[in-house]
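Trainee: All letters in the sequence shown, in the order written, are residues 1267 to 1563 by the numbering used here.
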Amino acid sequence: MSRLLNRKTSFRQLTAYHVNRLFYTIRNSDEYNADGIDIFTQDWDNLLILDACRYDYFADQSDLDGTLSTRISRASATREWVGANFTDRQLHDVVYVSANPNYRKVADEIGAEVHAYIDVWRDDTLVGEENTIVPPETVTEHALSAAEEYPNKRLLVHYVQPHYPFIGPTGKEHFDPTATLKEVSAKYDLTDDRLDRAYRENLDFVLDEAERLLEKLHGKTVVSADHGELLGERLSPLPLRAYGHPNGVYVDELVEVPWLVHQNGERREIVSEEPVERDDTKDEALEEQLRNLGYMT
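What follows is the structure in structure tokens.
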């Protein structure tokens, strides 16, 4: 009986998800959130992106040195954020260090080009289930190396955390790292307290690493996010709880992001130069990493 009830609950949740998703798709006809900022027209030397980081959690939990305000993101998911900010742009003054492979997946088809793109998710220090999760300290090390190698470029650093999978004690004990947050919510009895603790643990990990970069990177550094996360909030028109970050849903929990500004020494001179030679191979590792983050099924 309990298994049957769970199936009915899962079906109801998934149905509500798709109905609500359709509601926002019809309501938001633009390709991206037109109220959001263009990250590359903002003033920064280094931009640290914490994937799926909500402003309210960041404001409550962060003690990073700097001035905190909010911005509105152009997207409610990373693939959408990449398209909204990178499409048809030659950003030859930008070095992009990323643990999220969405840019690599779509760069050619959207006509995007940066001076250098560094695939952190290919690093051999991945952790977690079947060695699939990029820990934040690995991203930090690559970012510091990139800053040394490209001293006259804007540095865009994209961490995975606090994005699911959860890598803290609560996450490891109670959450399936091979499923998306939406799938987990449909299959298991999620409690708000447990989910809150797991998300905050992920955020703690990445805030520690962001602090390392604030101390070591020179110039004007901004800490922000590509989008937020739904952690059980009720959407319209069907008021069941929602989890994750679907495309095109521009509610506060998904598009209100932190914007913490930190100054460390003098601004550096930024120079635009032709891109370095890149590896265009798109292999199974890329597809696997996208699946691990819930972007492919």
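Yeah, the Cβ is synthetic: ideal placement off N, Cα and C, and Gly gets one too.
Because the structure is a prediction, the values reported are computed rather than measured.
With DSSP as the reference, label His1408 as helix, strand or coil.
Mentor: Position 142 of the sequence shown, counted from the start, is the residue given in the question as residue 1408. Looking at His1408 - three-state DSSP - the assignment turns out to be helix.
Trainee: Output the boundary residues of the alpha helix (DSSP H) element that contains Val1372.
Mentor: Numbered from 1 along the sequence shown, position 106 holds the residue referred to as residue 1372. Counting along the chain, the alpha helix (DSSP H) containing Val1372 begins and ends at Asn1368 to Val1372.
Trainee: Determine the extent of the alpha helix (DSSP H) in which Leu1334 is found, giving its start and end residues.
Mentor: If you number the sequence shown from 1, residue 1334 lands on position 68. It is not in any alpha helix (DSSP H) - Leu1334 instead sits in the beta strand (DSSP E) that spans Thr1333 to Ile1338.
Trainee: Are Leu1316 and Tyr1425 close, meaning C-beta to C-beta below 8 angstroms?
Mentor: As a working note, residue 1316 is residue 50 in the sequence shown. As a working note, residue 1425 is residue 159 in the sequence shown. In this structure, Tyr1425 lies closer than 8 angstroms to Leu1316 by Cβ.
Trainee: Looking at C-alpha atoms only, which residue of Pro1443, Lys1448 and Val1405 is the closest neighbour of Ala1476?
Mentor: If you number the sequence shown from 1, residue 1476 lands on position 210. Considering only alpha carbons, the answer is Val1405.
Trainee: Report the residue from Ala1341, Ala1300, Ala1325 and Ile1305 whose alpha carbon sits nearest the alpha carbon of Gly1514.
Mentor: Locating residue 1514 in the sequence shown gives position 248, where the first residue counts as 1. With distances taken between Cα atoms, Gly1514 lies closest to Ala1341.
Trainee: Tell me where the beta strand (DSSP E) around Gln1356 begins and ends.
Mentor: In the sequence shown, counting from the first residue as 1, residue 1356 sits at position 90. Run containing Gln1356: Gln1356 to Ser1364, per the beta strand (DSSP E) assignment.
Trainee: Which residues in the same chain as Pro1435 place their Cβ atom closer than 8 angstroms to its Cβ, once the five residues preceding and following it in sequence are excluded?
Mentor: Taking the sequence shown and counting its residues from 1, one reaches residue 1435 at position 169. Closer than 8 angstroms at the Cβ level, and outside the excluded window around Pro1435, lie Glu1467.
Trainee: Using the Cα positions of Thr1353 and Asp1492, report the straight-line distance between them to the nearest angstrom.
Mentor: Taking the sequence shown and counting its residues from 1, one reaches residue 1353 at position 87. Taking the sequence shown and counting its residues from 1, one reaches residue 1492 at position 226. Approximately 15 angstroms, taken between the alpha carbons.
Trainee: In chain order, what residues of the same chain have a beta carbon less than 6 angstroms from the beta carbon of Gly1368, not counting five sequence neighbours either side?
Mentor: Against the sequence shown, residue 1368 aligns to sequence position 102. According to the sequence as given, residue 1368 is Asn; it is not Gly. Thr1344, Arg1345 and Val1348.
Trainee: To the nearest angstrom, report how far apart Trp1310 and Val1285 are at their CA atoms.
Mentor: The sequence position of residue 1310 within the sequence shown is 44, counting from 1. The sequence position of residue 1285 within the sequence shown is 19, counting from 1. Approximately 39 angstroms between the Cα atoms of the pair.
Trainee: How is Lys1419 classed by DSSP in three states: helix, strand or coil?
Mentor: Here residue 1419 corresponds to residue number 153 of the sequence shown, with the count starting at 1. It is coil, neither helix nor strand.
Trainee: What is the residue span of the beta strand (DSSP E) that Tyr1383 lies within?
Mentor: Working through the sequence shown from its first residue, we reach residue 1383 at position 117. Where Tyr1383 is concerned, the enclosing beta strand (DSSP E) stretches over Glu1379 to Asp1385.
Trainee: Can Val1400 and Val1380 be called in contact, C-beta distance under 8 angstroms?
Mentor: One-based indexing of the sequence shown puts residue 1400 at position 134. One-based indexing of the sequence shown puts residue 1380 at position 114. Against a cut-off of 8 angstroms, the Cβ pair of Val1380 and Val1400 comes out as no contact.
Trainee: So what does DSSP say about Glu1396, is it helix, strand or coil?
Mentor: Counting from one through the sequence shown, the residue named residue 1396 turns up at place 130. Model confidence at Glu1396 stands at a pLDDT of 49, short of 50, so the residue's coordinates are unreliable; what they give is reported in the following sentence. Helix, per DSSP.
Trainee: Can you grab the Cα-Cα spacing for the pair Asp1296 / Leu1447, in whole Å?
Mentor: Position 30 of the sequence shown, counting from 1, holds the residue named residue 1296. Position 181 of the sequence shown, counting from 1, holds the residue named residue 1447. The straight-line gap from Cα to Cα measures roughly 26 angstroms.
Trainee: Tell me where the beta strand (DSSP E) around Thr1487 begins and ends.
Mentor: To locate residue 1487, count along the sequence shown from 1; it is residue 221. Residues Gly1485 to Ser1490.
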